[in-house]
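Residues are numbered in our numbering as their position in the sequence shown, beginning at 1, plus a constant of 2. Built from N, CA and C at the ideal position, the CB exists for glycine as well. One structure is given below, encoded as structure tokens.
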Amino acid sequence: MNKRLQRIASTILALALAGSTSTAFAAEKRDESKWHSGKWCPAPGLKQTPIWPGAIPDAFPIAGPEELNKEGDCVGKVSTPTMTVYPARGKNTGAAVVIFPGGGYWILAMQLEGTDVCDWLTARGVTCILLKYRVPGSCLYPRSGCYPGNKAALDDAQRTIRLVRSRAAELKIDPHKIGVLGFSAGGHLVAATSTLYDRKLYKPVDAADKLSCRPDFAIALYPGHLTEHTKGRFELNPYVPVTKNTPPTFLVQAENDDVDDVRNSLVYFAALKKAGVPTEMHLYADGKHAFGLKSKLPISVWPDLAEKWMKSIKML
């Protein structure tokens with residue numbers, strides 16, 4: 003694993019540990035010297051658009067403005083969620099994928115688990131929508147984490163899927179070929195959008211909110227939070243209610259993941275299979291966490307496998 007991947011994985015691991023340890027440890031502050039005020043922006047020629055036209059539902063207080071790490075590839079303290087459209091290049095397949103970067107629901111790895119993925123998919127004729135969803139930027143915030151403790155990220159995800167569907171003609175996509183793809187905490191958000199699409203979490207703000215927010219397919223890589231709120235590590239989070247209507251799902255994880263236990267994927271896969279949901283899972287002995295598209299290990303073939311899978315379910 004190269005130094006950049008090690009740095010991101012270490013940051014996520016530290017946040018995960020802080021969220022699950024004693025009060026004394028939770029009071030420990032992060033190294034502020036590695037962060038500075040600044041907004042994440044896409045490459046020139048691309049525009050990020052706020053997803054909420056007015057008041058943002060389930061808003062929570064964030065101490066300070068949006069911030070970036072030294073390298074500019076991770077963002078924290080996001081209070082205004084945005085989406086950035088990356089148009090398909092070459093032959094347009096009509097498919098679209100909403101991308102959820104990971105980061106423990108505290109930060110967002112916007113390059114490794116965002117723009118890099120958009121570059122891969124758009125080259126294959128897929129329109130990408132990169133969601134910068136709300137995160138507090140610190141594990142000290144008491145409501146950080148996943149649904150139901152924190153509704154903000156799921157609000158943002160549902161709203162974005164509806165917006166993309168409402169703009170299908172403008173974006174030149176098929177409204178019935180809209181998928182989601184996420185890493186780590188973003189992988190949990192994939193599962194949440196796949197199973198909680200019928201729950202109205204916020205009051206409708208415009209015509210887009212009359213549309214379904216159910217994804218047509220889902221891809222989750224090294225997902226986390228799927229064994230939370232349970233008595234045993236082999237039980238699925240009850241706030242991920244899998245049914246026969248959960249969209250077709252593709253899962254990838256390393257067995258030696260040192261941040262999110264591989265059992266997150268295993269319990270979700272078992273529930274999907276039990277419900278009769280078309281599902282494909284790939285587990286690899288090595289890869290650890292936050293490998294994105296950069297790994298040189300055997301797990302690096304996952305993008306090719308995902309592309310073949312999307313073709314097999316008639317999304318490409």
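Apply the 10 Å Cβ neighbour rule to residue i and answer buried if 16 or more other Cβ atoms are within range, or exposed otherwise.
i	result
residue 115	buried
residue 79	buried
residue 195	buried
residue 30	Below a pLDDT of 50, predicted positions are generally treated as unreliable, and residue 30, at 35, falls in that range; the measurement from the model is reported next regardless. Exposed is the call here.
residue 306	exposed
residue 290	buried
residue 229	buried
residue 10	With a pLDDT of only 45 at residue 10, under the threshold of 50, the placement of this residue in the model should not be trusted; the figure read from the coordinates follows. Per the 10 Å Cβ criterion, buried.
residue 247	exposed
residue 134	buried
residue 105	buried
residue 103	buried
residue 147	buried
residue 245	exposed
residue 63	exposed
residue 24	In this prediction, residue 24 has a pLDDT of 27, which is less than 50 and means its spatial position is unreliable; nothing more can be read from the coordinates.
residue 26	Summary for residue 26: the model assigns pLDDT 26, below 50, so the residue's position carries little reliability, and this model does not support an answer.
residue 292	buried
residue 273	buried
residue 297	buried
residue 90	buried
residue 171	exposed
Identify, in the order they occur along the chain, each residue of the same chain with its Cβ nearer than 6 Å to the Cβ of residue i, setting aside the five sequence neighbours on each side.
i	result
residue 160	215
residue 304	254
residue 176	96
residue 310	none
residue 192	182, 184, 220, 222
Can residue i be considered in contact with the ligand PLP, in the sense that its beta carbon sits closer than 7 Å to one or more heavy atoms?
i	result
residue 268	No copy of the ligand PLP appears in this structure; indeed no ligand is present at all.
How many whole angstroms separate the CB atoms of residue i and residue j, which I take to be in contact at a CB cut-off of 8 Å?
i	j	result
residue 108	residue 138	6 Å
residue 110	residue 77	5 Å
Cβ atoms of residue j and residue i: under 8 Å apart, would you say?
i	j	result
residue 85	residue 162	yes
residue 223	residue 270	no
residue 98	residue 212	no
residue 226	residue 189	yes
residue 312	residue 185	no
residue 100	residue 58	no
residue 243	residue 281	no
residue 54	residue 166	no
residue 236	residue 201	no
residue 119	residue 268	no
residue 241	residue 60	no
Only counting the same chain, and skipping five residues up and downstream in sequence, which positions put a Cβ closer than 7 Å to that of residue i?
i	result
residue 51	84, 85
residue 308	221, 252
residue 300	286
residue 95	127, 128, 318
residue 217	163, 180, 181, 182, 195, 196, 249
residue 275	281
residue 283	253, 267, 271
Please work out which residues of its chain come closer than 8 Å, Cβ to Cβ, to residue i, disregarding the five sequence neighbours upstream and downstream, and give them in chain order.
i	result
residue 168	209, 210, 213
residue 45	117
Between residue i and chain C, is any beta-carbon pair separated by less than 8 Å?
i	result
residue 255	Of the protein chains in the structure, only one exists, and it is not chain C.
Between the region 112 to 127 and the region 154 to 174, do three or more beta carbon pairs fall short of 8 Å?
-> Too few Cβ pairs lie closer than 8 Å, so no.
Kindly confirm or deny that the region 280 to 287 and the region 254 to 267 touch, where touching means at least three C-beta pairs closer than 8 Å.
-> By the criterion of at least three beta-carbon pairs nearer than 8 Å, the region 280 to 287 is in contact with the region 254 to 267.
Hey, is the region 33 to 44 in contact with the region 57 to 76, meaning 3+ C-beta pairs nearer than 8 Å?
-> Yes: at least three Cβ pairs fall under 8 Å.
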